[in-house]
Structures are given as C-alpha cells and as structure tokens.
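Enquirer: Residue numbers (full-length UniProt numbering), protein chains in the order written: chain A, 1 to 446; chain B, 1 to 446.
#1: When the Cβ atoms of the region 340-356 of chain B are set against those of the region 88-106 of chain B, are three or more pairs found closer than 8 Å?
#2: Within a Cβ cutoff of 6 Å, which residues of the same chain sit near residue 239 (chain A), ignoring the five residues on either side of it in sequence?
#3: Which chain B residues are close to residue 109 (chain A), counting only those with a beta carbon under 9 Å from its beta carbon?
#4: Beta carbon of residue 367 (chain B), beta carbon of residue 445 (chain A): below 8 Å?
#5: How long is the line joining the alpha carbons of residue 340 (chain A) and residue 353 (chain A), rounded to whole angstroms?
#6: From residue 417 (chain B) to residue 438 (chain B), what does the alpha carbon distance come to, in whole angstroms?
#7: Could you have a look at residue 366 (chain A) and say whether DSSP puts it in helix, strand or coil?
#8: Distance, Cα to Cα, residue 163 (chain A) vs residue 162 (chain B)?
#9: With distances taken between CB atoms, is the gap from residue 193 (chain A) to residue 249 (chain A) smaller than 8 Å?
#10: Measure the CB-CB distance between residue 258 (chain B) and residue 325 (chain B) and report whether it falls below 8 Å.
#11: Quick test of the definition: if touching needs 3 or more C-beta pairs under 8 Å, does the region 428-435 of chain A touch the region 386-400 of chain A?
#12: Name, in chain order, the residues that DSSP records as bridge partners for residue 191 (chain B).
#13: Within the 8 Å Cβ cut-off, does residue 98 (chain B) reach chain A?
#14: Going residue by residue through the UniProt domain "D-serine dehydratase-like" (344-429) of chain B, where are the continuous beta strand (DSSP E) segments of at least 3 residues, counting only ones entirely within it?
#15: Would you kindly work out how many angstroms separate the C-alpha atoms of residue 441 (chain A) and residue 117 (chain B), rounded to a whole number?
#16: Helix, strand or coil for residue 222 (chain B) per DSSP?
#17: Go ahead and pull the three-state DSSP assignment for residue 101 (chain B).
#18: Measure from the C-beta of residue 391 (chain A) to each C-beta in chain B and report whether the shortest distance is under 8 Å.
#19: Below 7 Å between beta carbons is the criterion; list the residues of the region 149-168 of chain A that meet it against any residue of chain B, in chain order.
#20: Nearest by alpha-carbon distance to residue 382 (chain B): which of B:425, B:391, B:318, B:396 is it?
#21: 8 Å is my cut-off, CB to CB: does residue 325 (chain B) come that close to chain A?
#22: Quick one: what's got a C-beta closer than 7 Å to residue 93 (chain B)'s C-beta in the same chain, skipping five residues either side?
#23: Could you give the DSSP three-state label for residue 337 (chain B): helix, strand or coil?
#24: In whole angstroms, give me the CA-to-CA distance for residue 287 (chain B) and residue 281 (chain B).
#25: Does the beta carbon of residue 48 (chain A) sit closer than 8 Å to a beta carbon anywhere in chain B?
#26: When the Cβ atoms of the region 259-274 of chain A are set against those of the region 294-310 of chain A, are three or more pairs found closer than 8 Å?
#27: Would you mind working out which of A:380, A:376, A:400 sits nearest residue 393 (chain A), comparing C-alpha positions?
#28: To which residues does DSSP link residue 121 (chain B) through a beta bridge?
#29: Could you work out which residue in B:292, B:230, B:301 is closest to residue 311 (chain B) when comparing CA atoms only?
#30: Thinking C-beta only, is residue 327 (chain B) closer than 8 Å to residue 313 (chain B)?
#31: For residue 335 (chain B), tell me which candidate among B:264, B:190, B:203 has the shortest Cα-Cα distance.
#32: Anything in chain B within Cβ reach of residue 242 (chain A), meaning under 8 Å, just list it in chain order.
#33: Note the first and the last residue of the continuous alpha helix (DSSP H) segment covering residue 248 (chain A).
#34: For the beta strand (DSSP E) holding residue 163 (chain A), just list the boundary residues, first then last.
#35: Could you name the residues of chain B that residue 103 (chain A) contacts, counting a contact when the two beta carbons are closer than 9 Å?
#36: Quick one: grab the DSSP three-state call for residue 309 (chain A).
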C-alpha cells in the first residue's frame, strides 16, 4: 500500500476502519504512542473491496480530519471463555445471557405488540450495547433501534444496524460531525432541545452532505432533558424546519423514572401525564399547521400504556431482553410481580473466601455490576443476601454452605449500567457457551 | 511466517502477544468470529527480536494452551482528544488528570514516607489501573505496586512493572496459571486465605516452573477475605511452607473500611485494632519458629498510623494520587478536612440541556462515574449540586447560569471505580493535553 493510502486510511472515521477489518482482505493499523508522538503503520495487501471502501473514505473526508488529529490505539481483548466451553470454564466475573430466555423475551415482545397494529417498536440498545442482540430484535419485528449515546450509535452502525434513533442530545460540532458521518451509512434521527444545538446539527449535516431526521424532546415529567410541552416545542420545530439538511420528524416523549413505579395503576396514571403533555405539544404544532405523525417513547415498564394511547406511534422498550432485580419489583394489575419477561442476564461470580458459619466472599463487586438500583440477587439462593464488599468483592450472608471455587449466578440490580462494565456477553444454551458477543457500544458515552 | 509460527503466536499468553506489539517489528492478529467459528491470521514479517519472543512463548506453552482455547478479538480504541489539544477539544465525558497536582501528590508521598525509614511504600494500582502512573510512583520511591485483580497485574507486567503484590485471592487453576505465567517476567506475590487455593497455586507455579511469593491474608477487622488472627494464620503459613514452588513471605493486614472513618482519632483507634490482630498473628507464627519479616497493609486514610506502628514493614496507599469527594471528607487531627494531597482527578462533562432557572443537565451519568460513595462535586461551583440523572445524565440544581455546551469539571465521589469506567486518562498541564494514557488494567477483574 502506498503511504498516501495509509494516510487516507488513518484519517478516516472509526466506522470505516472497522469496515476494513470486516472486509477480511487486508488490514492497516495506526498505532499512536502518546509518549513519543510516533506513529507506526502496519499494512497488508488490499483487495478490490478494500479499495472501494478506501474510495468511500476519501469522498467522506472532512477537511479537519487528517492523520494528526485522529488518535487511535489498538488493543487485544481476551474473551473469558471459548465457544463450546461448559459454564464451569468461564472465567469470572463474566456477563452471561441464557439464550433460551432471551429468545423467549424476543418472541413475547413480538406477540405483545401484535395487539397494537398501528404502533411500531424500536428496541433500545442502551440496555445491551451489543449489535448482535439488536439484530435479533430487528429480526423479531423491531423497526430499528434507539441509542442513548453516540458511541452506541457508532457501534450499531458498525454492527450492521441501519435505522437508529439517538434518543438524546448530541452536543458540540465535533460530535455532531461524527453523528452526521453515520448518516452516510444508516438512517439516523436525533433528539434536540435547544436552538444552538439545532444550528450546529444543521451545519454538521450540511458539511457532510447528509440529511438527519430530528425529533424535539419534550419534558413529559422526568425533569431531565426536553423542553416544556406546547409553545417551546413549536418554537424548536419551526427552527428545525428553517434550516437545511435536517428534517423535522416528530417528538420524543419518554419519562424514564415512571418505568420503575411499582403499582400498575400508578404507572398507568403516570403515563396519563406523559400523554397529556404529548397531546398539548401536538396541538401546539397543529395549530400552526405542522403535522406531527411520529411520537416515540415508553420503556419496558410502561410501553403497553403508550402503545394503547392512540397518540404514540412507536415505543422504545429495552430492558425486556434481559430484565433485572429492579424491574422484577414492578407489580402487574393483579398486584403480582410482573412475569411477562424472563430473567436472561446474569453476572457469573466465583466464591473466593469463606468464613464458615458467617459469610462467603464473591469475586464480583462494584466493577462487575452497578449498585445504583440496589444489590444483585443470588439466583437459586433466595435465603442468601448480597452486600456490597467494595470494588472487587461481594459479601454473602449467611455463607449458605458455599465453598471456595463455587460459581454463583447473580441477577443484576440494574441491567443497563451492569452490562456497561463488561466487554463481552457470553451466551449460554444447555450449560454450554454458544456465542461470545462484544459489547461494542459500551463506555461512558462519548 | 509459517503456519506453525502463527499457531504458536495465537496460542501464547496475552502478555506475549502484547510484547510482540511492542517489539515494533511485526504483528500477528488473531481474530475470531464467534458466529462462524472462523479464525483469520494476518501476519507481517518478524525480525530477530520477535523470533526470540516467539521462542520464549514456545517454552512457556502450557499443554492446555492451543489455538482453539485462546479466543481473542481486536478492537480499535479512539482517544477522546489529541496531544496538544486545549481542554475545550476533549470529547466528554472524559477522565482528566491535572499533572501538576498528580506530581505534587507523588512528591508529598515521598516526603511523608521519609519520616518512616524502616517502612517501604508499595502504591496500589487499583486506584488508577494505569501502568504509566505506576511507573511514576516507582520513580518517586515506591518499591513496587499492589494490584487487586489478575487483569490489573497482567496490565502492569505488560506496562513494565516488575514487582507486584496481588493483594487479593486468585481462585481456580486457570487463573492461577495466568498468575504463575506472570512470574516469568516479574516478581509476583499473592495473598491466600484457604488451603485448597494454596495447593492450586503451588500446582500452577510448579507447572510453569516458577516460584511465587505468598502472603497469608489476615482478617484484621474488615470481615471480608482473610482468616482470623492467630492459629488460622499459622496453619496456612505451615501449609505454604509444606508445598513446592511457593514461598511464605509474610502477612497482608489491610482493612479498607477504616480508611473512610472521618475523625483522625477514630481512624487511629481503628488502626490500633488492626495492629493488635496483626501482632497476635505474628506471635502465633513466632511461637512455632516461623519468622515473619514482611507485614503489609494500610491505605490513603491510615497509612501513617501503620507506618509508625513498628509492626508494619510496608504500606499500600493508592487513592492519594487522585483523591476524591469521599477522601476529602476525612478530617485531620485539627478537625480540618485533610489537605495532605491535592485533587488531581476529574470527569470532564458537557452541559447538554438547560431549563433556565431550574436545572442544567450534564452528559456524565452512571456510566461516567461511580455513585457508590456519593455523587460528584462540581469543581468551582460550590453552590451547585449534582443529582443522579441515570446512566448518561447528571442533573445540576440550580442551573447556575450554565449554558448548553459549557464544560463542567466533576470531582468523582470515589476515584477507583470511576477510573474503571474509562479507557483513557487524559493528562493536562496548563490547560493543554500533554498525554493520553490507557487504563489498561480496567475491567470487572477477571
């Protein structure tokens, strides 16, 4: 490969470098050593497919992208086991998914949504951050995915997903260029709630020569992002319509907090508030002649209420594929624990110390699961309680007869941030490893 | 390269593959696609240095290591900025370290330890998981590092650290083989608290033809791992002495919980209990003729008490390089907040939404910092409070006049698990990026 080609390669976006890897014909690595500012290029032969990708890259090069402002490093990541291994061979702490339960949940969602023929479901990738699972969800009927971060969206495009709603604001021209770059390869929509951000998004899309769909995020009660219902929504929609390369698509009306209200009646009532604020926003638009035919929102805890509202055209369940201790505390209309979906996600841990008669210590602590929604439960040990033992330890009281080396399956307190701590999801069927999927969208969300 | 060489390469330990990368002469990638069970080998020329490493790898091959049971994948990691960038160019959320404060802390530790001439300090890498920082700590006088996980220890060896205490139990023969493998390249010590684990460790060390130093972990009050002081310690020391390829080195006597006791007098009293239990253990050994000349423990909150005890020969401070909100709550003997060390670590975040007069929303949530020890503080904004806004959001109340796009520097509540969420530490000096260091020991701790 010529030096000029290496230069081009190194200066392209991450997504294209990833494509090069996928083309299986050759490889270029750019390794920057931050200490000595030295760059090393390793090249192998490139065939036809790669050359065409190179050409694509050349066309999409932004003037600011050059070899000196794209710093990447390479890493090898070791999987915690191998395909075909029995679960006893999986190094811990590891994230496991029971494939039968995952498949049950996929099927259950498809069946549930049949009751709402005018409403699509767009599964939320923030739960798993794993393109392979998104692809299974799309195969089971989802129209596309939601992402909460640009990192997730990049991972999804690189993993073959072609319809993505970034259900969050992306701030700053650098990130917006990354977002616009994705629109070359997939249908991309993003949420906004401020005028300057809309201007920046239009600029980035114009620079890249793409069009990005835009949703106004409405504060439907969560008091986080989003503008107030009514006139503020109208103002932003008009702003979007006034600028090039962005297309007003509809409204994002999601309240995360109400997903975890325990009583079914209370959850339904809370969705009533969401719908009221949504309707107010639609009316403000309609009164000024702006038709809004796309309303999206709702999560695992409430999506059936949004879906049956006659207002929402799309729902965004995410956690249903995995479930967790927190969602397991929600009650259904019969005041029973919700049982629509099965627990499919676990953190596998090993007993590393036992003080007989007192406690057992697990090797899974704060770095293996998130405690924000409470501690994990020990699957199959309803009599044992997990206590936070710090970054690398869990304390189980009583010891329950556990021995050093025993495996313990933990049900995470909160699935999304727990998955974020792991590089791999190990898929199990009948006690054996069937697949090892990279959680390629993980990270703080840059 | 011959296929047999490729086979050898792919079947060696991670540490040697990493070495190959570092030799700058050639490169082999093994990419396993878990879907089709296909492996692809990309090879470039290998020079003399690489060949010698290959030979080393061959010698250290374990019979169970072959091409089919070592699954690795490659990833590119994009840094959030480039060297020389102003801080305004750093994509958020990112982990920042102010190098001047880091250097102040390194120097302050060296000076503090001069008061205890018979006591070494071994800095704890669990805080930063970053070999570059360990190297700075060793240059400033540390005798080596502690690691809490095998993943951290592997990263440290690969990053050039040659004296490592694994201050935790490593369970299972597979992991113990990885540990023993490291002893080929560095001085390795590990902690134990059960007989079967000691047998496994001896077996792994014997298989690899290495000797591993072993410490008995004593439960000095933390009620986590460790055996009770006295006879149980003696029993394990004798077990260690009875087996080949492991060497009884001394005692691990650390209580993490007491680091965070607020009053200096109460912390000192709690160390008194630690020392009492340690002395009891030393006596039990001495009564049976076992000399114990190595006692290690103590953290950032208490190390001066352990160092002045006349019992401890080594202390293990970690958090002092960074500090955090939690350690900032500790009081000194004058009932003032501790001020020995400076805050050097921050999470840089961007304001993504503002509801004027009410709240500002940051792009740093549960995936950018750990809330286990409380929420982060906004540096320079003592009047503003951070509230948990979920995985990707922080809610700041009141809005403090913040505008969309403003950068906010967050002081993490707890430094160790916060660092664990980030791939890079961005080093700043005078507002510009001077270095970008990989947090190569991060992860759940496999």
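A virtual CB, placed ideally from N, CA and C, is assigned to each residue, including glycine.
Expert: Considering the structure as presented:
#1: Short answer: they touch.
#2: Take residue 239 (chain A), set aside five residues on each side of it, and the residues of its chain with a beta-carbon closer than 6 Å to its own are 195, 198, in chain order.
#3: The premise fails here: residue 109 (chain A) is roughly 21 Å from chain B at the closest Cβ pair, so nothing lies under 9 Å.
#4: For residue 367 (chain B) and residue 445 (chain A), yes; Cβs fall inside 8 Å.
#5: For residue 340 (chain A) and residue 353 (chain A), the distance between alpha carbons rounds to 37 Å.
#6: Taking the straight line joining both Cα atoms gives about 15 Å.
#7: Three-state DSSP puts residue 366 (chain A) in coil, outside helix and strand.
#8: Rounded to the nearest angstrom, the two C-alpha atoms are 49 Å apart.
#9: Between residue 193 (chain A) and residue 249 (chain A), the CB-CB gap reaches or exceeds 8 Å.
#10: No Cβ-Cβ contact shorter than 8 Å links residue 258 (chain B) with residue 325 (chain B).
#11: The count of Cβ pairs closer than 8 Å, one atom from the region 428-435 of chain A and one from the region 386-400 of chain A, stays below three, leaving the stretches out of contact.
#12: B:215.
#13: Residue 98 (chain B) has a beta carbon lying at 8 Å or more from every beta carbon in chain A.
#14: Fully enclosed beta strand (DSSP E) runs of 3 or longer: 345-355, 359-362, 385-388, 394-397, 407-411, 424-429.
#15: Residue 117 (chain B) has its alpha-carbon roughly 49 Å from the corresponding atom of residue 441 (chain A).
#16: Under the three-state reduction of DSSP output, residue 222 (chain B) falls in the coil class, being neither helix nor strand.
#17: DSSP, reduced to helix, strand and coil, places residue 101 (chain B) within a helical segment of the structure shown.
#18: Yes, contact with chain B.
#19: Within the region 149-168 of chain A, the residues whose Cβ lies closer than 7 Å to some Cβ of chain B are 149, 168, listed in chain order.
#20: Closest by alpha carbon: B:396.
#21: No, because no Cβ of chain A sits closer than 8 Å to the Cβ of residue 325 (chain B).
#22: If we look at residue 93 (chain B) and ignore the five residues flanking it on each side, its Cβ neighbours are 347, 348, 349, 363, 364, 368.
#23: Looking at residue 337 (chain B) - three-state DSSP - the assignment turns out to be strand.
#24: Near 10 Å, if we compare the C-alpha coordinates of residue 281 (chain B) and residue 287 (chain B).
#25: Low confidence applies here, because residue 48 (chain A) scores a pLDDT of 26, under 50, leaving its location unreliable; read the following figure in that light. For residue 48 (chain A), the closest Cβ of chain B is not nearer than 8 Å.
#26: In the pairwise beta carbon analysis, the region 259-274 of chain A is classified as touching the region 294-310 of chain A: at least three pairs are separated by under 8 Å.
#27: The residue among A:380, A:376, A:400 with its C-alpha nearest the C-alpha of residue 393 (chain A) is A:376.
#28: Looking at the DSSP output, residue 121 (chain B) shares a beta bridge with B:315.
#29: If we check each option's Cα against that of residue 311 (chain B), B:292 comes out closest.
#30: Between residue 313 (chain B) and residue 327 (chain B), the gap from beta carbon to beta carbon reaches 8 Å or more.
#31: Nearest in C-alpha terms to residue 335 (chain B), of all of B:264, B:190, B:203, is B:264.
#32: For the C-beta of residue 242 (chain A), not a single chain B residue is nearer than 8 Å; the gap to the nearest is close to 19 Å.
#33: Element bounds for residue 248 (chain A): not the alpha helix (DSSP H) but the beta strand (DSSP E), 246-252.
#34: Looking at the DSSP string, the run of the beta strand (DSSP E) that includes residue 163 (chain A) is 163-166.
#35: Those do not exist, as residue 103 (chain A) stays about 16 Å from chain B at its closest Cβ, beyond 9 Å.
#36: In this structure, residue 309 (chain A) counts as coil in the three-state DSSP scheme.
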